[in-house]
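In order, the protein sequences belong to chains A and B. With UniProt numbering applied, the first sequence corresponds to residues 1 to 113, in that order. With UniProt numbering applied, the second sequence corresponds to residues 1 to 123, in that order.
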Amino acid sequence: MFNAPASPCGSGRGNHESSEHSPRSYFREQDCFLPIANISCIMKKMLPSNRKIAKDAKETLQECVSEFISFVTCEVSDKCQGEKRKTINDDCNRTVTVLKKEEGAFIMLFFHL
Amino acid sequence: MRQAGAYSGLLCGGVSGRTGPHSLPLARIKKIMKNSGEGVKMISGEAPIIFSKACDLFIEELTRRSWIMAIQGKRRTLHKEDLASAVIATDIFDFLITLVSNSDSHAVGGATNVMEVETIDYS
């Protein structure tokens, strides 16, 4: 669902031989993911102070978060298209995804899917 | 003397001294949303804010479940295999199975029963 860029190092300048690639399709690889420092900070809040997190775990979770955003966005987008709406907004997000905490557990419910 | 504003970072600094109440960058979230599919055209201002909170909860829960896997493996360091085991053992993370399967070339070991994970007391 979440496709990594074909050329992550592309700067968007030059190399416009292929008509199928618009300048907008060039973006850096780090733009696909949320900053690892922020993710690491949230992870550390959940663990005891003397515990460590491996670098590969941080990177995997970084990918998982991006996949989560893409997954929910696609579901919301499909619902918007079904309702002939062009904007993903607050109301649409709330009807599709309910995110809440109950007794420390993360509960994710998808409605109307 | 000029008072610190509500979003100045002195009163409610986010992660690593970021200004504002959001721990994750909204512009980056919006960029990921736009890159997620061709159908995504317009995104309102409130949507990335909701996603910021959602991602916060998502990271917390996946970390908590992964940590349970690490404890069961009698380890003090959280590894990628623990994340993979947590994803496999939890129904709501089914959409991540292909991602953790692709990242692991070898079979993921230590995937415990779902019931063991679900009945953990978080207090």
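Here a beta-carbon is modelled for each residue, glycine too, at the ideal position from N, C-alpha and C.
| Asked | Found |
| --- | --- |
| From the DSSP output, which residues share a beta bridge with residue 125 of chain B? | Here chain B has residues from 1 to 123 only, and residue 125 of chain B is not among them. |
| Can you say whether S22 of chain A is buried or exposed, counting buried as having 16 or more other CB atoms within 10 angstroms of its CB? | Low local confidence applies: a pLDDT of 45 at S22 of chain A is under 50, so the model's placement there is unreliable, with the coordinate-based value given in what follows. By the 10 Å Cβ count, S22 of chain A comes out exposed. |
| Can you pull the chain B neighbours of S66 of chain A, defined as C-beta to C-beta under 8 Å? | I32 |
| If you run the structure through DSSP and keep just helix, strand and coil, what is K45 of chain A? | helix |
| Taking only beta-carbon positions, decide if M42 of chain B is within less than 7 Å of chain A. | yes |
| Between which two residues does the alpha helix (DSSP H) harbouring R28 of chain B extend? | 26-35 |
| Determine which residues of the region 43-62 of chain B have a Cβ less than 8 Å from any Cβ of chain A, and write them out in chain order. | I43, S44, E46, A47, I50, F51, K53, A54, C55, D56, L57, F58, I59, E60, E61, L62 |
| Say yes only if the C-beta of I92 of chain B is nearer than 6 Å to one or more non-hydrogen atoms of the ligand COA, and no if none qualify. | The ligand COA is not part of the structure shown, which contains no ligands of any sort. |
| Return helix, strand or coil for L34 of chain A, following the three-state DSSP convention. | coil |
| Taking the straight line between their C-alpha atoms, what separation do you get for A70 of chain B and A57 of chain A? | 12 Å |
| For the region 42-63 of chain A, which residues have a beta carbon sitting closer than 7 Å to at least one beta carbon of chain B? | I42, M43, M46, L47, R51, K52, I53, A54, D56, A57, T60, L61, E63 |
| Do I88 of chain A and A47 of chain B come within 7 Å of each other at the CB atom, strictly closer than that value? | yes |
| Please go through the same chain and pick out, in chain order, the residues whose beta-carbon is closer than 8 Å to the beta-carbon of H79 of chain B, but skip the five residues on each side of it. | A70 |
| Under the three-state reduction of DSSP, which class applies to T77 of chain B: helix, strand or coil? | strand |
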